[in-house]
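There are 4 protein chains.
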Amino acid sequence: MTKRKSIRTDISWSTTDKITVKGLDLCEDILGKVSLGDMAFLELTDRLPTPQESTVFNAIAVSLVEHGMTPSAIVTRMTIAGAPEAMQAAVGAGLCGLGSVFVGSMEDAARLLQDALPLTRPEAKIAVDIAALARQIVDTQMALGKSVPGIGHHIHKPIDPRTPKLFEIAQANGFSGQYVALMSAVAAEAGRRLGKNLPVNATGAIAAVASELGLPWHIVRGVGVMARAIGLVAHVLEELRNPMAREIKAMVEEQATAHLR
Amino acid sequence: MTKRKSIRTDISWSTTDKITVKGLDLCEDILGKVSLGDMAFLELTDRLPTPQESTVFNAIAVSLVEHGMTPSAIVTRMTIAGAPEAMQAAVGAGLCGLGSVFVGSMEDAARLLQDALPLTRPEAKIAVDIAALARQIVDTQMALGKSVPGIGHHIHKPIDPRTPKLFEIAQANGFSGQYVALMSAVAAEAGRRLGKNLPVNATGAIAAVASELGLPWHIVRGVGVMARAIGLVAHVLEELRNPMAREIKAMVEEQATAHLR
Amino acid sequence: MTKRKSIRTDISWSTTDKITVKGLDLCEDILGKVSLGDMAFLELTDRLPTPQESTVFNAIAVSLVEHGMTPSAIVTRMTIAGAPEAMQAAVGAGLCGLGSVFVGSMEDAARLLQDALPLTRPEAKIAVDIAALARQIVDTQMALGKSVPGIGHHIHKPIDPRTPKLFEIAQANGFSGQYVALMSAVAAEAGRRLGKNLPVNATGAIAAVASELGLPWHIVRGVGVMARAIGLVAHVLEELRNPMAREIKAMVEEQATAHLR
Amino acid sequence: MTKRKSIRTDISWSTTDKITVKGLDLCEDILGKVSLGDMAFLELTDRLPTPQESTVFNAIAVSLVEHGMTPSAIVTRMTIAGAPEAMQAAVGAGLCGLGSVFVGSMEDAARLLQDALPLTRPEAKIAVDIAALARQIVDTQMALGKSVPGIGHHIHKPIDPRTPKLFEIAQANGFSGQYVALMSAVAAEAGRRLGKNLPVNATGAIAAVASELGLPWHIVRGVGVMARAIGLVAHVLEELRNPMAREIKAMVEEQATAHLR
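Chains as they are written, first to last, in my numbering: chain A, 1476 to 1736; chain B, 1476 to 1736; chain C, 1476 to 1736; chain D, 1476 to 1736.
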């Protein structure tokens, strides 16, 4: 047998009488004491949140659960209609579209913020020139011909109602620091350059607040994925009770082939 | 254009200044006030839980988040190894295996319980002969040549530690009623028949407690799917930090083709 | 280390200078000599097809590649729109809906045929009473309150044009035997009972011809899955060139929430 | 109702008596005449292949069907073990990992070749300095700190046996032109720089030959996806007959948690 690198997991393991998850005893330390949102925080960060972190993290995650008839929800509904015996695959299929376009702006915004202000910077309290960083971010995006992620919204005008609420929750719990300031400054700077009102949207607010919580940018998409899985189960249940998949199929087929008739 | 049946969703919708989810104002009623687990309860049942329901539901959901190196976790890890740019698809692929075998016993147990004691029975408090129902369930399964779901465990002996804990949490919150009694009676009856110790395992306990909460059996799998999505994100993160997919592949290939060499 | 059952695959293995697939040398025996459809036959049945089998099997598989704007195609398009960097996941998501509803009637029809006339029956040429078997199948389905799979079509009237073509190809290649006769007899019998014209549709024709080829019913869905994967790639390409996902999303959202506005 | 952009598909549409796919009559022009591989070519390129194109395209596609116990095959097997009622989801899950790592080198190689020699260049026969282009490609990759895709192999030494075979098939059918020459020159140049033998591997050969066929680089992954779907169905069938998923799970769990015991 070939010599091989050993493999290891530190997430969870079991003995005959005990299940350990992230170093905690599932039955003694977690069940009945830790909520689902805090369990998610534990899974992502290897420790339980403080009450303040819990409130802020849960708010972010909850805001990502349900966005109505999204492409993902449509995918889940079309899939359960064909395979009602496989709810898990309908949710799995729905998650597959949470890529660079629909959750990407959240991830991109978090990345820009964390590139400008690294999570591991030695002294987070040190004075940084937020306005200068914001100009630099907007400059770079424009030079690359890219839009600035996390600002503006095609429906919610003048402002995405989730943004002031998430920022208020962050503030009330001590998580309104340099990332929130920077995200707001970026939005203001981009609006000034383009001569229009481009306030921080929900994806920008989540990116900023997640950064305040210390979540690395590449984990931010993971929060969206786990939250949306919850919402997609609700779409499965509604589709099973009151189906729309066949109508959607008929509507799409009729319109997409109209030029052929 | 063909006349068509209208389609409708009642889950969520947006106006320029408001987002409504299950009849509640997302920003005013939910964000900062409702935890992720309670949001899941809302998505599944169309109302927020009482504090007691919240504790019990969160305990069930949390118990399903993380089971270590399950087939689903291996699937997610093998997938992220091939497509690290698509975390959402790695989680989606991992969910696809949560079918009749791995989460089925939970669903089957809930179904047996709810077939015997319908959720909508007019008088839940009426005296029922739990022992007789249990005998009937075991008889039927045996006559069909099927095993009794929700009992016994190949690792956790003499008892799955999650069972007494979940039953204790249910009891402390007023959710230890006829379903918990029936599940326990079924385990006792099956053990007697087969002459071995077959206590209620975690899937049986979850089935019973979910039934106490009034969750229809076909929703129970949905709780497992949403919870496991959280756990699979953790496996994505560990795999990215400390990969094992290539070793697993090499190990499997070597052993599975050994007879050819 | 625990003693374990050994694992083995016989599909394919490699040495430094040779790749073996199903017992054949990939480079010497397959590449340049075996077409994709015949390779699929080899993968499913462990041997290469005769020229007649090849023609018939390829016709079946080809008939399953492309059905236009199916729910699966819509799923793939909604998914690639959100994650254009993950074409493989868009196709994977599209496949997830090929379950009991959309490909099930093909599988169900094949199963009914093979339950009535087992593939492994010692003497396939023996006289069987096709009409009696057909009556029995229709009786059983009606007694179970189930529809008869493989007959009738909501668009193609009076007849699904694929049926006579597939039967003609089967006939020309020596594969029009008892299964084709039985499927036709079932359609006639069901039509007589229900007093309407219910000719064999494409799923029934494929079920019958696949049975003639000796493909077990549980493999028939696999032919659909592999064929549809080809078609879904075409939908990915068209969606990337001429997208419709955002329009579908807008259309569905508008109609499904109209009652709320 | 909001005014909206119209949507359209040109892939396929149906009337009561006819099914059209890519402009051809499915029953008259395709069934019984076009093989599955040629159907795939039609789906990708909007026309049927010549006999030479057919041979070369089928060889490429066939070479991608089966690679043994790949991560994708393991994913499909772990998934069918949990959800044997959903073969389509097991194949779908298996496809999800065909991303930048496992099929990426093929796509990357095709992209490098087509960036250097655009498919739409006015005069393909014009003299180009292949050696200079090869140096430029290797220079660029090295300057970016990236490996050169499509060369070398960890198992097949001294040479991947598929490469000479695919190049021979291309040559015999008139598809051994500048792309094959460039790929070979790139391999030679990279080997010279790094002082080792780095012949063109199967992914490089496929990239070159697919480019000779005029397939844009972003379609090359699609060929891999459709071909692998065929192979994954074979793994479903073998797993159902002779399962290994539980053993893999036990093996992985034991080794990955050994440090905890």
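For every residue, glycine included, the Cβ atom is placed at its ideal position computed from N, Cα and C.
| Item | Value |
| --- | --- |
| Closer than 9 Å, CB to CB, is Glu1560 (chain A) near chain D or not? | yes |
| Any residues in the region 1560 to 1574 of chain B with a beta carbon nearer than 9 Å to a beta carbon of chain D? Which ones, in chain order? | Glu1560, Ala1561, Ala1564, Ala1565, Gly1567, Ala1568, Gly1569, Leu1570, Cys1571, Gly1572, Leu1573, Gly1574 |
| What whole-angstrom Cβ distance do Arg1637 (chain C) and Ala1677 (chain C) have, given they're in contact under 8 Å? | 4 Å |
| Taking 9 Å as the threshold (beta carbon to beta carbon), is Ala1731 (chain A) in contact with chain C? | yes |
| Report yes if the CB atom of Ala1534 (chain C) is closer than 9 Å to the CB atom of Ile1644 (chain C), and no otherwise. | yes |
| Taking the C-alpha atoms as reference points, what is the distance between Leu1715 (chain C) and Glu1518 (chain C)? | 31 Å |
| From what residue to what residue does the alpha helix (DSSP H) around Ser1489 (chain B) run? | Not the alpha helix (DSSP H): Ser1489 (chain B) falls in the beta strand (DSSP E), residues 1487 to 1489. |
| Should the region 1543 to 1558 of chain D be called in touch with the region 1666 to 1685 of chain C, which here means at least 3 C-beta pairs below 8 Å? | no |
| If you measure between the beta carbons of Gly1569 (chain B) and Gly1572 (chain A), is that distance less than 9 Å? | no |
| Compare the beta carbon distance of Glu1582 (chain C) and Val1695 (chain C) with 9 Å and say whether it is the shorter of the two. | yes |
| Which value, in whole angstroms, describes the spacing of the CA atoms of Ala1609 (chain A) and Val1531 (chain A)? | 24 Å |
| Suppose you measure from the CA of Pro1718 (chain B) to the CA of Ile1723 (chain D); what does that come to, to the nearest Å? | 17 Å |
| Output, in chain order, the set of chain D residues within a Cβ distance shorter than 7 Å of Asp1590 (chain C). | In chain order: nothing, as chain D lies at least about 18 Å away. |
| Tell me which residues of the region 1655 to 1677 of chain A have at least one Cβ-Cβ distance to chain C shorter than 7 Å, keeping chain order. | none |
| Just grab the DSSP bridge partners of Thr1484 (chain A) for me. | Looking at the DSSP assignment, Thr1484 (chain A) forms no beta bridge with any residue, so it has no partner. |
| Does the distance from the CB of Ser1487 (chain C) to the CB of Gly1543 (chain D) come in under 9 Å? | yes |
| Classify Pro1526 (chain D) as buried or exposed, calling it buried when 16 or more other Cβ atoms lie within 10 Å of its own Cβ. | exposed |
| At a CB-CB cut-off below 8 Å, which residues of chain B make contact with Thr1484 (chain C)? | Ala1731, Thr1732 |
| Could you check if Glu1664 (chain A) is buried or exposed, using at least 16 other CB atoms within 10 Å of its CB as the buried criterion? | buried |
| Would a C-beta distance cut-off of 9 Å place Met1514 (chain A) and Glu1541 (chain B) closer than the cut-off? | yes |
| Name the residue from A:Val1496, A:His1693, A:Ala1602, A:His1710 whose alpha carbon lies nearest to the alpha carbon of Leu1657 (chain A). | A:Ala1602 |
| To the nearest angstrom, report how far apart Thr1520 (chain A) and Ala1558 (chain C) are at their CA atoms. | 26 Å |
| With a threshold of 9 Å between beta carbons, is Arg1736 (chain B) in contact with chain C? | yes |
| Could you check which residue in C:Gly1706, C:Ala1565, C:Gln1653 has the C-alpha nearest to that of Leu1594 (chain C)? | C:Gln1653 |
| Given that Thr1491 (chain B) touches chain A, what residues does it touch there, using C-beta distances under 8 Å? | Ile1630, His1631, Lys1632 |
| Can you confirm whether Ile1535 (chain A), when its beta carbon is compared against all beta carbons of chain C, has any partner nearer than 9 Å? | no |
| Near Ser1538 (chain C), what residues of its chain come up, given a Cβ to Cβ distance below 7 Å and the 5 sequence neighbours on each side ignored? | Arg1637, Leu1641, Ala1677, Ile1681 |
| Pick out whichever of C:His1710, C:Gly1689, C:Ala1731, C:Ala1709 has its Cα sitting closest to the Cα of Phe1516 (chain C). | C:Gly1689 |
| Start and end of the alpha helix (DSSP H) containing Ile1605 (chain B)? | 1605 to 1618 |
| What number of angstroms, rounded off, separates the C-alpha of Leu1511 (chain A) from the C-alpha of Ile1705 (chain A)? | 11 Å |
| What are the complete alpha helix (DSSP H) segments, minimum 4 residues, inside the region 1648 to 1723 of chain D? | 1653 to 1669, 1677 to 1687, 1692 to 1716 |
| With a CB to CB cut of under 6 Å and the five nearest residues on each side skipped, what residues in its chain are close to Lys1497 (chain D)? | Leu1517, Asp1521 |
| Alpha carbon to alpha carbon, how far is Asp1500 (chain C) from Gly1507 (chain C)? Give it in angstroms, no decimals. | 12 Å |
| I'd like to know whether the C-beta of Gly1706 (chain C) is nearer than 9 Å to at least one C-beta of chain A. | no |
| Just the chain C side, please: which residues come within less than 8 Å of Lys1724 (chain A) by C-beta, in chain order? | Met1544, Thr1545, Pro1546, Ile1549 |
| Note down the Cα distance separating Met1476 (chain A) from Lys1632 (chain D), rounded to an integer number of angstroms. | Because the pLDDT of Met1476 (chain A) is 47, which lies under 50, any placement of that residue in the model is unreliable, and the number read from its coordinates should be weighed accordingly. Cα to Cα, Met1476 (chain A) sits roughly 20 Å from Lys1632 (chain D). |
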